[in-house]
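Engineer: This structure is in structure tokens; I'll ask about it shortly.
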Amino acid sequence: SQQGEEDPQALSIQEGENATMNCSYKTSINNLQWYRQNSGRGLVHLILIRSNEREKHSGRLRVTLDTSKKSSSLLITASRAADTASYFCAKGDFGNEKLTFGTGTRLTIIP
Amino acid sequence: NAGVTQTPKFQVLKTGQSMTLQCAQDMNHEYMSWYRQDPGMGLRLIHYSVGAGITDQGEVPNGYNVSRSTTEDFPLRLLSAAPSQTSVYFCASRTYLAGGLNNEQFFGPGTRLTVL
Chain A
22 SQQGEEDPQA LSIQEGENAT MNCSYKTSIN NLQWYRQNSG RGLVHLILIR SNEREKHSGR
82 LRVTLDTSKK SSSLLITASR AADTASYFCA KGDFGNEKLT FGTGTRLTII P
Chain B
13 NAGVTQTPKF QVLKTGQSMT LQCAQDMNHE YMSWYRQDPG MGLRLIHYSV GAGITDQGEV
73 PNGYNVSRST TEDFPLRLLS AAPSQTSVYF CASRTYLAGG LNNEQFFGPG TRLTVL
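Protein chains in written order, with our numbering: chain A, 22 to 132; chain B, 13 to 128.
Here you go:
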């Protein structure tokens, strides 16, 4: 079963606007990762945030983690048409080699 | 580096046929895994391996077999294909950290399988 649940399921915004996607989970984690998938392609790793971290940045990407609320958010600033893709969060548990993926947010950037 | 490669890209099978999906990586990663992706379901783990000779089941292992004879290769075998196995299959690899810690996974381009 999917432990990571993204919200919203789909998001359409104008180019240049910021996009925020959220991920909730149910059990304690070691780390949480975000991946991007362009249509018909494999997943590409974006950011990994560990349970003792609260915020990480990578270029136009900002990820936050609130372990007390069991939630994470991915912010994409100054969106571009090339950001159109599906975004997945993936939860890594303690003492467990597996990653559990959510169902994804489909982001569409309108030029 | 080629990264993670998968063959074939597309495959159509008839119910009851068997086949092997190939996966190879050239990054010397210990950990390799197979996922299937279905609409609205995200990715679900089928099998994984933490090194040559070691495999384990994921969330949806029924109907699939794996083996890991080398670090580079991790083939997925469908024993008797069923329409429910129609899906997109992704192979992934990463370095293996002690204590079950996770890190960045590298994904292959996927195999789109249709079972009639």
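All C-beta atoms in this analysis are idealised placements derived from N, C-alpha and C, irrespective of residue type, glycine included.
All figures in this text were calculated on a predicted structure; none of them were measured in a lab.
Closest to MET53(B) by C-alpha separation, out of GLU26(A), SER79(A), SER49(A), would be which residue?
Structural biologist: Translated into the one-based positions of the second sequence, residue 53(B) becomes position 41. Of GLU26(A), SER79(A), SER49(A), the residue nearest in Cα terms is GLU26(A).
Engineer: For a quick check, are the C-beta atoms of PHE86(B) and GLY63(A) less than 8 Å apart?
Structural biologist: Position 74 of the second sequence, counted from the start, is the residue given in the question as residue 86(B). Position 42 of the first sequence, counted from the start, is the residue given in the question as residue 63(A). No. Outside cutoff.
Engineer: For GLN97(B), which option in ARG80(B), GLN37(B), ILE58(B), ASN114(B) has the closest C-alpha, if you only look at C-alpha atoms?
Structural biologist: Taking the first residue of the second sequence as position 1, residue 97(B) is located at position 85. Taking only the C-alpha atoms, the option nearest GLN97(B) is ILE58(B).
Engineer: With DSSP collapsed to three states, give me the class of GLN29(B).
Structural biologist: Position 17 of the second sequence, counted from the first residue, corresponds to residue 29(B). Residue state, collapsed to three classes: coil.
Engineer: Answer with buried or exposed for THR124(A), where buried requires no fewer than 16 other C-beta atoms within 10 angstroms of its C-beta.
Structural biologist: Position 103 of the first sequence holds residue 124(A). So THR124(A) ends up on the buried side.
Engineer: Closer than 8 Å by beta-carbon distance: list the chain A residues that pair up with TYR60(B), in chain order.
Structural biologist: As a working note, residue 60(B) is residue 48 in the second sequence. Simply GLU118, LYS119.
Engineer: Please state whether the Cβ-Cβ distance between MET42(A) and LEU32(A) is less than 8 Å.
Structural biologist: Indexing the first sequence from 1 puts residue 42(A) at position 21. Indexing the first sequence from 1 puts residue 32(A) at position 11. In contact: MET42(A) and LEU32(A) (Cβ atoms closer than 8 Å).
Engineer: So the candidates are ALA93(B), VAL127(B), GLU84(B); which of them puts its Cα closest to the Cα of ALA139(B)?
Structural biologist: Coverage of chain B is limited to positions 13 through 128, which leaves residue 139(B) absent and any answer about it impossible.
Engineer: What are the start and end residues of the beta strand (DSSP E) that includes GLU76(A)?
Structural biologist: As a working note, residue 76(A) is residue 55 in the first sequence. Looking at the DSSP string, the run of the beta strand (DSSP E) that includes GLU76(A) is 76-79.
Engineer: Thinking C-beta only, is SER107(A) closer than 8 Å to THR126(A)?
Structural biologist: To locate residue 126(A), count along the first sequence from 1; it is residue 105. To locate residue 107(A), count along the first sequence from 1; it is residue 86. Against a cut-off of 8 Å, the Cβ pair of SER107(A) and THR126(A) comes out as a contact.
Engineer: With three or more C-beta pairs closer than 8 Å as the rule, is the region 31-44 of chain B touching the region 14-21 of chain B?
Structural biologist: Yes, they touch.
Engineer: Below 8 Å CB to CB, which residues in the same chain sit around VAL62(B) once its five sequence neighbours on both sides are set aside?
Structural biologist: Position 50 of the second sequence, counting from 1, holds the residue named residue 62(B). If we look at VAL62(B) and ignore the five residues flanking it on each side, its Cβ neighbours are GLU42, TYR43, ASP68, TYR108.
Engineer: Please say whether SER99(B) and SER30(B) have beta carbons closer to each other than 8 Å?
Structural biologist: Position 18 of the second sequence, counting from 1, holds the residue named residue 30(B). Position 87 of the second sequence, counting from 1, holds the residue named residue 99(B). No, the pair does not count as a contact, with Cβ atoms beyond the cut-off.
Engineer: Suppose contacts are defined by Cβ-Cβ distances below 8 Å. Is ARG56(B) in contact with VAL78(B) by that definition?
Structural biologist: For the purposes of this step, residue 56(B) is taken as residue 44 along the second sequence, with counting starting at 1. For the purposes of this step, residue 78(B) is taken as residue 66 along the second sequence, with counting starting at 1. It is not a contact, given that the beta carbons lie outside the stated cut-off.
Engineer: Could you check what DSSP says for SER96(B) in three-state terms: helix, strand or coil?
Structural biologist: Position 84 of the second sequence, counted from the first residue, corresponds to residue 96(B). The answer is helix: DSSP assigns SER96(B) an H, G or I state.
Engineer: Below 8 Å on the Cβ atoms is my contact criterion, and I expect THR48(A) with ASP114(A) to pass it. Report the Cβ-Cβ distance as a whole number of Å.
Structural biologist: For the purposes of this step, residue 48(A) is taken as residue 27 along the first sequence, with counting starting at 1. For the purposes of this step, residue 114(A) is taken as residue 93 along the first sequence, with counting starting at 1. 7 Å between Cβ atoms; contact.
Engineer: With DSSP as the reference, identify every bridge partner of ARG101(A), one or two as the case may be.
Structural biologist: Your numbering for residue 101(A) matches position 80 in the first sequence. Beta-bridge pairing links ARG101(A) to no other residue.
Engineer: May I ask you to report which of helix, strand or coil DSSP gives ASP50(B)?
Structural biologist: Here residue 50(B) corresponds to residue number 38 of the second sequence, with the count starting at 1. Looking at ASP50(B) - three-state DSSP - the assignment turns out to be strand.
Engineer: Looking at the structure shown, is LEU109(B) part of a helix, part of a strand, or coil, going by DSSP?
Structural biologist: Indexing the second sequence from 1 puts residue 109(B) at position 97. If DSSP states are grouped into helix, strand and coil, LEU109(B) belongs with coil.
Engineer: Just to make sure I have the definition right: I need the residues of chain A whose C-beta is within less than 8 Å of the C-beta of GLU116(B). Which are they?
Structural biologist: Here residue 116(B) corresponds to residue number 104 of the second sequence, with the count starting at 1. Correct list: GLN54, HIS66, LEU69.
Engineer: Taking GLY65(B) as the reference, which of ASN74(B), PRO51(B), SER81(B) has the closest Cα?
Structural biologist: Numbered from 1 along the second sequence, position 53 holds the residue referred to as residue 65(B). Taking only the C-alpha atoms, the option nearest GLY65(B) is SER81(B).
Engineer: Relative to chain A, which residues along the region 22-46 of chain B have a C-beta separation below 9 Å, given in chain order?
Structural biologist: Of all residues in the region 22-46 of chain B, TYR43, SER45 have a Cβ within less than 9 Å of some Cβ in chain A.
Engineer: At the 8 Å Cβ level, is THR129(A) part of the contact set with chain B, yes or no?
Structural biologist: To locate residue 129(A), count along the first sequence from 1; it is residue 108. So no, THR129(A) is outside the interface.
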